[in-house]
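Position in the sequence shown (first residue = 1) + 1 = the working numbering.
All C-beta atoms in this analysis are idealised placements derived from N, C-alpha and C, irrespective of residue type, glycine included.
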Amino acid sequence: MLNRLQLTAAASSALTIGLLAWGCAPPSPEDQELDGNEPSEEADAPVGNGTVEQAMNESCSTASIKPLSQQILDEMACMEPDGFVKVPSRPNLSLADTVFPYLIKPARDKLVAALDANPSKTMSVNSMFRTVGQQYMLKRWKDQGRCGITAAATPGNSNHETGLAIDINSNASWRSALESRGFDWFGSGDPPHFDYFGSGAVSKKGLDVEAFQRLWNRNNPNDKIDEDGSWGPQTQARVKKSPAKGFAIGAVCNEPPADPPEDPPVDDQGEPWSCDGTTGQTQVEGGEYVATSFGCSVLKNGTVISDPGDNCIPACFSQLKADGICASNASGPTCEKSINWYAADRDRFGCGTRLKVTEPSSGKSAIVMVIDAGPACWVEQQVDMGVLDLSYRATEHLFGGQVGVSEKEMVKVEVVSADTPLGIVQ
């Protein structure tokens with residue numbers, strides 16, 4: 002099993018004080034996360050009746066969640082009425098269908114000045130302000146190698162969410178006009194991208210995230226999350242299952258600050274996450290883990306998966322044979338495929354332990370057996386959370402395919418009795 006351990010890899014007066022957190026200096030170019038262009042095929046993509054996650058899987062256009070994005074933008078205007086201003090139309094300004102033409106006022110004024118000083122040239126903008134929902138879709142497409150996205154910042158960390166960034170075609174013809182007015186060209190790593198660092202540049206980082214959190218809590222009073230403007234597993238899970246057509250209750254201005262969510266009950270199982278040695282040794286308090294795929298498995302349609310990063314010899318192999326779960330003459334890969342619904346994390350749960358693993362957005366669950374060791378602590382340290390390696394068949398049922406640690410797909414894990422049948426929980 003050693004090789005897998007090595008290879009696994011804004012506002013009413015009541016909110017004034019909180020809004021001061023957004024009045025910070027913009028990040029320097031060196032501090033920015035690389036953030037690529039939006040799909041060139043963006044147009045009036047149909048808005049489905051499903052969730053953001055379904056829209057992400059079924060389209061290559063952030064237009065598929067445009068009503069939800071508009072609600073986020075409207076909520077931001079309630080929170081900080083002067084935070085973002087609309088870029089006015091100009092004869093030489095062309096906007097892609099999905100562009101939200103909003104910037105902070107100094108950036109808007111300098112952009113308009115550049116346009117007015119060059120009336121014979123047309124600026125084609127394919128991205129300006131983006132909501133956290135749009136950025137989530139771009140990041141997932143990048144991670145999945147889809148829709149032509151080769152770079153995307155983590156949601157909440159894109160300058161397109163701060164009112165400071167624009168992406169344009171033919172950047173070379175506009176570079177001088179923009180740079181002389183306080184815009185900085187990102188460079189060859191993201192050729193269409195310009196950020197405003199001129200006079201009055203103030204980042205509104207986190208404002209769109211908090212706007213989403215407020216919308217979610219308003220519409221889901223029994224599932225409230227922190228309204229802190231920070232992107233994390235709680236917010237990601239709710240973005241994924243939010244309606245692409247927007248919430249039933251949209252933006253509300255002059256709303257009093259929300260009460261903080263109640264602390265969840267303490268789970269009897271586990272302790273706060275830690276992993277400082279080779280592998281995690283204690284079950285994680287609350288039972289929330291990041292899921293990954295590994296091992297040798299047989300998918301629903303009969304396709305056999307052999308993980309190139311795993312030797313498919315379970316760390317619990319001897320016990321599995323002794324207990325008659327695998328034949329005494331079976332190979333490691335044959336044993337894994339015969340079980341098919343399994344997990345690692347032997348050092349947390351113990352060989353043979355059965356776990357109920359639930360994907361919180363869909364409610365889908367599966368019962369798996371712990372048969373292997375890992376993942377390594379260095380993998381968990383990438384996400385500062387416990388990680389649960391699952392068979393490809395299990396992640397196929399829970400997520401529709403394989404998942405990696407960088408996707409931060411969350412599962413809820415609980416220990417169940419040893420006689421619980423393996424497989425899909427009906």
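Asked                                                                                                                                                              : Found
Return the residue from the list S392, D227, N223 and M370 that minimises the CA-CA distance to S418.                                                              : M370
Who are the Cβ neighbours of L116 in its own chain at under 8 Å, not counting the five residues just before and after it?                                          : R91, N93, L94 and M124
In three-state terms, what does DSSP make of I425?                                                                                                                 : strand
Between D277, A178, V253 and D229, which has its C-alpha nearest T385's C-alpha?                                                                                   : It should be pointed out that residue 385 corresponds to Asp in this sequence rather than to Thr. Of the listed residues, the one whose Cα sits closest to D385 is D277.
Which partner residues does C352 have in the DSSP bridge list?                                                                                                     : Its beta-bridge partners do not exist; DSSP assigns none.
Spatial neighbours of E381 within its chain, please: CB distance less than 7 Å, with the 5 preceding and 5 following residues excluded, ordered by chain position. : C276, G281, G387 and V388
Using only the alpha-carbon positions, how far apart do S181 and E81 sit?                                                                                          : 29 Å
Determine the DSSP secondary structure at F198, reduced to helix, strand or coil.                                                                                  : coil
Can you name the start and end residues of the beta strand (DSSP E) that V126 belongs to?                                                                          : M124 to S128
S294: buried (16+ other C-beta within 10 angstroms of its C-beta) or exposed?                                                                                      : buried
For G424, which residues of its own chain have a beta-carbon under 7 Å away from its beta-carbon, when the five flanking residues on both sides are left out?      : W342, A367 and I368
Using only alpha-carbon positions, find the residue among A97, P102 and C79 that is nearest to V88.                                                                : P102
Are at least three pairs of beta-carbons, each pair with one atom in the region 346 to 366 and one in the region 295 to 302, less than 8 Å apart?                  : no
On the three-state DSSP scale, how would you describe P339?                                                                                                        : Reading the sequence as shown, one finds Ser at residue 339 and not Pro. In the structure shown, S339 sits in a helix (DSSP, three-state: H, G or I).
Of the residues T99, A78, E337 and G84, which one's Cα is nearest the Cα of P68?                                                                                   : T99
Exposed or buried, what is P222 when buried is set at 16 or more other beta-carbons lying within 10 Å of its beta-carbon?                                          : exposed
Smallest Cα separation from R446: which of C327, A377 and D209?                                                                                                    : As displayed, the chain neither begins before 2 nor continues past 427, which places residue 446 out of reach and without an answer.
State buried or exposed for W379, treating a residue as buried only when at least 16 other CB atoms are found within 10 Å of its CB.                               : exposed
With a 10 Å radius around its C-beta and 16 neighbouring C-beta atoms as the bar for buried, classify E337 as buried or exposed.                                   : buried
Measure the C-alpha to C-alpha separation of Q72 and R176 and round it to an integer number of angstroms.                                                          : 33 Å
Among S332, P273 and L216, which residue has its Cα nearest to the Cα of K225?                                                                                     : L216
If we count Cβ pairs, one from each stretch, closer than 8 Å, do we get three or more for the region 235 to 246 versus the region 127 to 147?                      : yes
Measuring only the C-alpha atoms, how far is A249 from S392?                                                                                                       : 38 Å
Could you pull the DSSP bridge partners for A316 from this structure?                                                                                              : BP columns for A316 are empty, so no partner.
How would you call V406, buried or exposed, if buried means at least 16 neighbouring beta carbons within 10 angstroms?                                             : buried
Please state the DSSP three-state secondary structure of D32.                                                                                                      : For D32, the predicted structure reports a pLDDT of 49, less than 50, and the residue's modelled location is therefore unreliable. A value from the coordinates is still provided. Looking at D32 - three-state DSSP - the assignment turns out to be helix.
Which term fits P30, buried or exposed, when burial requires 16 or more other beta carbons within 10 angstroms of its beta carbon?                                 : Here P30 scores only 46 on pLDDT, less than 50, and its place in the model should not be relied on; the value that follows carries that caveat. Its Cβ having fewer than 16 others within 10 Å, P30 is exposed.
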